[in-house]
Structures are given as C-alpha cells and as structure tokens.
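Remarks on the structure that follows.
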Amino acid sequence: MKILQIHIIENADKPLLNDLLLEFPTNKSEDTFNPNIFIGINGSGKSQLLETIADIFLYLDRVYRQVNKILSPFTSVLFDIHYTISLNKKDFQVNFKHTDKKDREPELVIKDASGKIVAVPFEEVNKFLPLKVIGYTSGENETLSLPFTDYYDEYARYTAKRARLEKTETLDDYEPRFYLMDYNTNIGVVISNLVLGQKSKVKKLTDYIGISALRSFQIVIQTRHTAAPKKNKVELTAELEDWIEKLKKASTCHQYFKTENKYVLDFYVNDATRAALLALFKTPLALYTALYKIELLNNLIIKDSHLAEIKRKRSLRKLIIKPPTVAEQDKVLSYSEVKLNLDNGDVIDYLNLSDGEHQLMNISGTILMSGFENSLFLLDEPETHFNPMWRREFISLLSKLTSSKSQDYFLTSHSPFIVADIKREYVYVFKRVKNELTVEWPLNETYGSDYDSILQSAFELESSLSKKSFDEMQSLLKNGTLQELEDGIKEFGESGEKFFLFKKLQDLKNKDVNSKEK
25 MKILQIHIIE NADKPLLNDL LLEFPTNKSE DTFNPNIFIG INGSGKSQLL
75 ETIADIFLYL DRVYRQVNKI LSPFTSVLFD IHYTISLNKK DFQVNFKHTD
125 KKDREPELVI KDASGKIVAV PFEEVNKFLP LKVIGYTSGE NETLSLPFTD
175 YYDEYARYTA KRARLEKTET LDDYEPRFYL MDYNTNIGVV ISNLVLGQKS
225 KVKKLTDYIG ISALRSFQIV IQTRHTAAPK KNKVELTAEL EDWIEKLKKA
275 STCHQYFKTE NKYVLDFYVN DATRAALLAL FKTPLALYTA LYKIELLNNL
325 IIKDSHLAEI KRKRSLRKLI IKPPTVAEQD KVLSYSEVKL NLDNGDVIDY
375 LNLSDGEHQL MNISGTILMS GFENSLFLLD EPETHFNPMW RREFISLLSK
425 LTSSKSQDYF LTSHSPFIVA DIKREYVYVF KRVKNELTVE WPLNETYGSD
475 YDSILQSAFE LESSLSKKSF DEMQSLLKNG TLQELEDGIK EFGESGEKFF
525 LFKKLQDLKN KDVNSKEK
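In structure tokens:
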C-alpha cells in the first residue's frame, strides 16, 4: 500500500489541519526504504496529522466492516484520500472522498492498473482497506492512541458478547485491523519475536542491545476473581480457550488454581519450546495475536459505567483520556519473569532494560513480525529515548528489517540524525504561524546533509549550539575586547562559532600591532 495524496477538507476536532493537502512520492525503489517523515517544532500539527490518518481508516473500517458492524459510523473528519493497494498480485488505485457532514457513505472510486474503474460490491470494499494499521507512541504524546483505543474497546466488547452467547448461537470472529504498540504491549512483541522470529533478522536487532536469547518467561491467565464483571467471571470464546490450551501444551510447566480459574504458565526457552510454539502458532504474528486478543479482555475488568463516560468524553474530544489502569493482580493476562541472556553470559530481567532498549525492541519487533503486504505504519517520535548513536543508525536498521515493500511508513521526529537519512522529497516541514499551518519540502537536499543545515531548514535554528553558549559567543564576537577574547576562548569547546572568535581575536591583534607601528 502507498498513500498518494490526502486532503483534510475539515477536521472539527483539529481545525489547524483544515484544508491541508499533501501529496506523497510514488517513485519508491523496491530496494530502498523510504518512509515519509514529518518534522517541525512542537505543536506544529505533525502528531495531529498522524492521528487524523488513523481516524480516517478507523471510520472506513467501521463503515465497511462486515463483522461487528457499527450501525451509525461517525467521524469529525471530512477528507479525500488516494492510495494504491495490491490484492492477489494486482495493483489498484483507491479513492475515498467523504464530504457529507450527515455521515452518508463515502464516495468511492477503485481503478485497476490500466486506469479502468472497477465495480466492487459493498461487502467486499473492506478488502481494499489497509490490511493492518499499526501505530506507535512512546507515551510522550497520547493523541495517536485514541483511535486505536476506541477500536480496542469495540473488539473487547464484541469478544465478550460472543463468549456470553448460548451454545446454539454463534457470532463470527474477525482479524483486528488496528494495532497500537506502546509500553504496555511490548512484552508480547518481544516474546513473539525472540521465540519465533526469523533468526537472521532478529539477530540484527538483538546485537544492538547485546542480547543473545530469551531465557524464560511466565504468563498468568485468570478469568474468575472479585474484580471481574458478570458474577466475578470473564467469559471466554472457544477460540480463546483453544489458544490457552495451546499455550499450556507449549509451556515447560504450569499450575492451575481452581478458585480463580487461573493458569500460571512457565516457559523455559529452548529448542523444544520453540518447536512446540512453532507447531501450534506457526508465526510470530499468530502468537502475538493470540496473546493480544486474550490481553484485550483486561478492558472488561473496567466498569461499564467508567468506559461509557470515557467514550462520551472522547466523542466530544474535550480531553485526551484513557481507561484506568487495571491492577496487575486483576488482569486477565499478565506477564512476569521475562529473563534475557546477555552476550557476556549474564541474565537480566526485561524490566531492567532502559527505556531506549524497550523502545527499540518494541518498534523493531513490530516491524519484524509485520512483514505482510498492505500495512500502514504510523510512528510518532519513535526515537524519543534513543542515544545519539541509535538515532544515527535508526533508519539504517529499519531498512534492514523491512521485508515487504507494499507497506507505507509515516514518522514524526525532531532528530536531525533521522532526517539526514531521508531524501528531500519524503521530508515535510510543518510550520505553524498564528494558528495557520504550512507544510513544505526543505529547500535543500536532506539525504547526507550535515545536521546544522537540517536544524536550520527544519527548526529555524541559526546554530546547532545550545542557546546559553551560543549567546555568550555572540556577545564576545560583537563586544569582546582583545583580553576578553583571549580569556573567553579557553572556556568553549570546538565548533564553527569558535572559529569566528579566533578570527576576531586575530583581527584585533593585527589592529593592535598596526596601531603600535604607527
């Protein structure tokens, strides 16, 4: 999939984006990883656009979803979006246009590779949506999480409804389209990849952190306790019960506590464990999806009245609000005892890794297990907790991990390290002046550019130096005497600005010599 153009005609919740029209390059090389990157100062609208893209596809999913249908889908966004998608090795151009505030069905035009309009029955339109919409937020900005959280609530409620049916009744399940990767999801991602991931690509990730293997982990699943709804019990569908049985079979050992209907599953990871999980789940994504669907039942621990109030406030967009955190002892699914073998032979608990290490494993692991076509990745400041070396190498690492080129990536960032690895035509500079938004390409090529040039073009910084030292240098350059310059230069490290201080010092010395000769 590849988004070609997006026009935000109106966004009632985010008026800064009103009438924003962006076109995206189509000349992606099959051998080159070229994400679109949004840069600019805080508050310039980058994250708002990521959330709006997620909102658009959430709305389209609700309109065309054939299972768990929403009777009256609503969106506060009027939009016109064009993208390409591949189905059964055939390429199509898709255009959804939604301009009706009464929320009538969007206008839809689908064309084949020759440009001929293709008639698609309503019940099959969902096939022409992204197979997966995958979001990432480091937790610094929660706006992107809202569409995904709404989707999670819908899926969890539907799963509970299916579980409560009489045995003579059935409701179909469906594969989730939306996945949000944040701090709460990363353990499932790590386990799935380190156990079942392609070894050569997983090694490219673990080498960064100095990890040799996943040593062990524990999964706790419980469905009957005082915090659970409906007579202190969370009902399970047949599929969920089947996945729990599979996890029991693959575990090294397990305990069962009847009162709480609780399973404590311990996994010591060796070749036998991997073989068992591979036979039962086949792929890292299948294992993660099983864990993900069980984990979504944690939403059911939260009182319906609380969720209803949260949903009401979200619909009004009065504030960014997430469900209350479920206590660890009350969760339907929780992880513990996740141990990693380090290259030096030591063993470390996963929770003792740094925020940057968690972030790298979560983002990279998500991309590793999402190697299928027609996926859309929305990554909001994915390098937030990285050290400078990891920021410098981040795009290079992602290019090594991506395996499917029919995917589209949108990143926001404040890092010149990342921008310097992206071609100019994929870089969008967001500027907000008096609540007016403009989005432009950088004036100069960014790929391979030095950081001073990028900081100047993207963030309007006159220098890469920090403010305090820069101001002191400028003051010396403008008003410093010969003696003040000689004393002051010693206080500063090496930089381009220091060169001008030396030049000013030399000019003053020459002037002093000339004055004495006269």
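Numbering follows my numbering, in which position 206 of the sequence shown is assigned residue number 230; successive positions increment by one, without gaps. Cβ atoms here follow ideal geometry from the backbone N, Cα and C, with glycine treated the same way. Fair warning: this is a prediction, and the values are worked out from it, not measured in the lab.
No Cβ-Cβ contact shorter than 9 Å links residue 35 with residue 118. If you ignore the 5 residues before and after residue 104, its C-beta comes within less than 7 Å of the C-beta of 31, 33, 121, all in its own chain and listed in chain order. Scanning its chain for C-beta atoms nearer than 8 Å, with the 5 sequence neighbours on each side dropped, one finds around residue 67 the residues 456, in chain order. Listed in chain order, the beta strand (DSSP E) runs fully inside the stretch 212 to 273 are 235 to 246, counting runs of at least 3 residues. In the DSSP assignment, residue 83 falls within the unbroken alpha helix (DSSP H) covering 70 to 88.
Contiguous alpha helix (DSSP H) elements confined to the stretch 461 to 490 occur at 475 to 483, taking only those with 4 or more residues. Leaving aside the five residues that flank residue 238 on each side, the residues in its chain whose CB is nearer than 8 Å to its CB run, in chain order, 214, 215, 218, 219, 293, 362, 363, 364, 365.
Residue 397 sits in coil when the DSSP states are folded into three classes, being neither helix nor strand.
In the structure shown, residue 306 falls within a coil segment according to DSSP collapsed to helix, strand and coil.
Residue pairing of residue 35 in beta bridges, as defined by DSSP: 101. Rounded to the nearest whole angstrom, the CA to CA distance from residue 186 to residue 354 is 22 Å.
DSSP, reduced to helix, strand and coil, places residue 195 outside both helices and strands of the structure shown, so it counts as coil. Judged by DSSP in its simplified three-state form, residue 442 adopts helix. The shortest C-alpha to C-alpha distance from residue 49 to any of 506, 476, 451, 524 is the one to 451.
Ranking 395, 250, 83 by CA distance to the CA of residue 285 puts 250 first. Residues 160, 435 of the same chain have their beta carbon placed closer than 6 Å to that of residue 403, with the five preceding and five following residues left out of the count. At a Cβ-Cβ threshold of 9 Å, residue 289 and residue 272 count as neighbours. Membership of residue 292 in the beta strand (DSSP E) is indicated by the continuous run 286 to 292. Cβ-Cβ distances below 7 Å link residue 358 to 244, 352 in the same chain, with the five nearest sequence neighbours on each side left out; the list follows chain order.
Its Cα nearest to that of residue 302, the residue 274 stands out among 281, 110, 274, 317.
Setting aside the 5 residues that flank it on each side, residue 115 is surrounded in the same chain by 108, 109, 136, 137, each with a C-beta closer than 8 Å to its C-beta; the list follows chain order.
Taking the Cα positions, residue 442 is about 37 Å away from residue 321.
For residue 188, the secondary structure class from DSSP, reduced to helix, strand or coil, is coil. Where residue 512 is concerned, the enclosing alpha helix (DSSP H) starts and stops at 506 to 513. When 367, 409, 295 are compared, the shortest CA-CA separation from residue 379 is found for 409.
Going by beta carbons, residue 313 and residue 407 fall outside the 9 Å limit. Residue burial annotation: residue 131 is exposed, with fewer than 16 other C-beta atoms found within 10 angstroms of its C-beta. For residue 424, the enclosing alpha helix (DSSP H) begins and ends at 412 to 425.
Take residue 522, set aside five residues on each side of it, and the residues of its chain with a beta-carbon closer than 6 Å to its own are 516, in chain order.
The straight-line gap separating the alpha-carbon atoms of residue 422 and residue 447 is approximately 15 Å. Cβ-Cβ separation between residue 454 and residue 63: approximately 7 Å, consistent with a contact (criterion under 8 Å). The three-state reading of DSSP puts residue 497 in helix, counting H, G and I together. Here residue 47 has 29 as same chain residues with Cβ atoms under 6 Å from its own Cβ, once five neighbours each way along the sequence are excluded.
Of all alpha-carbon atoms in 281, 246, 223, the one lying nearest the alpha-carbon of residue 295 is that of 223.
The distance from the Cβ of residue 133 to that of residue 78 is about 23 Å, inconsistent with a contact at the 8 Å cut-off.
Under a 10 Å Cβ-count criterion, residue 148 is classified as exposed, with fewer than 16 other Cβ atoms of the shown protein chains found around its own Cβ.
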